[in-house]
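Protein chains in written order, with my numbering: chain A, 1 to 332; chain B, 1 to 131.
Every residue, glycine too, gets a C-beta built ideally from N, C-alpha and C.
Small disclaimer: the values here were computed from a predicted structure and weren't measured.
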């Protein structure tokens, strides 16, 4: 790839996605485009880029796809999911007891692991009769299609998926695993460009905007956070990636700690730490309670799982996740 | 923290032990369920009960499922986290292993990151430690 090709590619990605790839991210151009070169039978990255520069829209789309999709895994980084499970969703159960409906946005959802991970947690925490709608958006049509399919390879389900969740929420389909209809009913996926206006998304109680702002320049980050504020309910919650900072760009938000995880709240919201749960208002988490709007699981065989041992902690900066001591299994 | 690696493949034991070492475990190896139980007796006598056992399913003499059941039946070893590491990948087999007492299940082939993710979820590896 010539320096001119690299400049053209960076400009293409910036124009199509507002993602800024400076020269330090040259390796991304090489590593992400190599599979396209192989699968398309091109002699080199240079030939692939030449096709795009000559006006081949299909190749251009493939390049943008390859440059803007990111690695993902189930329950990635754990902390935000623990915060969702123990603080955010219980708080929303208190605050939304009249409408009994929660909407969550998984922005830059990639192949859907984050959205389905959230769905699994919602089935554990939300009481019967509640409706949850999880909307995943991604710039890449290919990723949206994959997320909608909900079909994952063995290697993909190995990445962070606890085995009890795997057997509960997935069915084996040849060499792949298919997500259950119950989780699919709670999720929807569509194309969406964070750099463009968030049209027709509605308003959300929780927004997961994780590990994506790092690709944007400061002005775009500020704009995205401002527009995200516009689609977040006044007492909602915003999660950024663990390594992401929005200092100076988070106008309209304040920072709060929940279960050891830092998150953003709209200015004016009551901090969750200041609104302790009312006795009896929050159900204890338990498996196997999908929202009433979702069909119940197939007839279940109940299998007892051993209690999780208390491991010797090697650090105080993490919290072990509770292991469910029972598991309802779909009949197979 | 100690970990017991049980697999009849020496190459696989080395791979698993290598990953666990990068995650700050001290490893002990056994090539089947029966030798694993003997190792566990020795470790227990030395007051070094492992925090984790990674257990293959298909092994001679005593297979991994029998080993999981044997460990679960002994109160001295109730704090050991048990993770099957196996090529057996059918839904029903994972259910059997969990019902027998395994806490986690990692299907071969796997990456070091995948093993680290599982152990992080189980609270055995701090978030900041990577494989």
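Supposed close pair residue i, residue j - CB separation, criterion 8 Å
| i | j | result |
| --- | --- | --- |
| residue 173 of chain A | residue 190 of chain A | Not quite, the Cβ-Cβ distance comes to about 24 Å (not below 8 Å), so this is no contact. |
| residue 2 of chain B | residue 50 of chain B | 4 Å |
| residue 5 of chain A | residue 46 of chain A | 6 Å |
| residue 28 of chain B | residue 4 of chain B | 5 Å |
| residue 36 of chain B | residue 45 of chain B | Not really, about 15 Å apart at Cβ, beyond 8 Å. |
| residue 247 of chain A | residue 228 of chain A | At roughly 16 Å, the Cβ-Cβ gap does not stay under 8 Å, so residue 247 of chain A and residue 228 of chain A are not in contact. |
| residue 115 of chain B | residue 19 of chain B | 5 Å |
| residue 55 of chain B | residue 6 of chain B | 5 Å |
| residue 168 of chain A | residue 130 of chain A | In fact, because the Cβ distance is near 19 Å, the residues do not count as touching under 8 Å. |
| residue 160 of chain A | residue 121 of chain B | 7 Å |
For residue i, the first and last residue of its enclosing beta strand (DSSP E)
| i | result |
| --- | --- |
| residue 81 of chain A | Counting along the chain, residue 81 of chain A falls outside any beta strand (DSSP E), though it belongs to the alpha helix (DSSP H) covering 79–83. |
| residue 85 of chain B | 81–86 |
| residue 153 of chain A | 151–153 |
| residue 179 of chain A | 176–179 |
Per DSSP, cross-strand counterpart(s) of residue i
| i | result |
| --- | --- |
| residue 266 of chain A | A:253 |
| residue 208 of chain A | A:106 and A:239 |
| residue 27 of chain B | B:3 |
| residue 134 of chain A | A:104 and A:187 |
| residue 216 of chain A | A:19 |
| residue 105 of chain B | B:84 |
| residue 55 of chain B | B:6 and B:84 |
| residue 172 of chain A | A:177 |
| residue 232 of chain A | A:204 |
| residue 258 of chain A | A:261 |
Assigned exposure category for residue i - 16 Cβ within 10 Å defines buried
| i | result |
| --- | --- |
| residue 84 of chain A | buried |
| residue 111 of chain B | exposed |
| residue 212 of chain A | buried |
| residue 251 of chain A | exposed |
| residue 136 of chain A | buried |
| residue 158 of chain A | buried |
| residue 126 of chain A | buried |
| residue 42 of chain B | exposed |
| residue 26 of chain B | exposed |
| residue 236 of chain A | buried |
| residue 153 of chain A | exposed |
| residue 58 of chain B | exposed |
| residue 216 of chain A | buried |
| residue 155 of chain A | exposed |
| residue 165 of chain A | buried |
| residue 119 of chain B | buried |
| residue 170 of chain A | buried |
| residue 123 of chain B | buried |
| residue 38 of chain A | exposed |
| residue 75 of chain A | buried |
| residue 281 of chain A | Low confidence applies to residue 281 of chain A: its pLDDT is 37, below 50, so where it sits in the model is not reliable enough to give any reading. |
Contact test: residue i Cβ vs the ligand GDP heavy atom, cutoff 8 Å
| i | result |
| --- | --- |
| residue 160 of chain A | With respect to the ligand GDP, the structure offers nothing, as it holds no ligand at all. |
Run of the alpha helix (DSSP H) containing residue i, from where it starts to where it stops
| i | result |
| --- | --- |
| residue 4 of chain B | Segment 2–6 is the beta strand (DSSP E) holding residue 4 of chain B; no alpha helix (DSSP H) there. |
| residue 167 of chain A | 163–169 |
| residue 49 of chain A | 45–53 |
| residue 94 of chain A | 89–95 |
| residue 65 of chain B | 64–72 |
| residue 35 of chain A | 26–40 |
| residue 98 of chain B | 91–100 |
| residue 44 of chain B | 33–45 |
| residue 115 of chain B | 112–121 |
| residue 117 of chain A | 113–125 |
Within chain C, partners of residue i - CB distance below 7 Å
| i | result |
| --- | --- |
| residue 120 of chain B | In summary, chain C is missing from the structure at hand, where the protein chains are A and B. |
message: Under 8 Å: do the stretch 94–113 of chain B and the stretch 136–145 of chain A share three or more Cβ pairs, one atom per stretch?
response: With a cut-off of 8 Å, the stretch 136–145 of chain A and the stretch 94–113 of chain B do not count as touching, because too few Cβ pairs lie within range.
task: Determine contact between the stretch 59–67 of chain A and the stretch 226–242 of chain A, defined as no fewer than three beta-carbon pairs at a distance below 8 Å.
output: Short answer: they don't touch.
task: Could you tell me whether the stretch 14–27 of chain A touches the stretch 80–97 of chain A, using the rule of 3 or more Cβ pairs below 8 Å?
output: No, the stretch 14–27 of chain A does not touch the stretch 80–97 of chain A.
task: Answer yes if the stretch 114–124 of chain A comes into contact with the stretch 219–231 of chain A, meaning at least three C-beta pairs across the two stretches below 8 Å, and no otherwise.
output: No contact exists between the stretch 219–231 of chain A and the stretch 114–124 of chain A.
query: Does the count of Cβ pairs from the stretch 195–207 of chain A and the stretch 96–107 of chain A closer than 8 Å reach three?
result: By the Cβ test, the stretch 195–207 of chain A is in contact with the stretch 96–107 of chain A, since at least three Cβ pairs between them sit closer than 8 Å.
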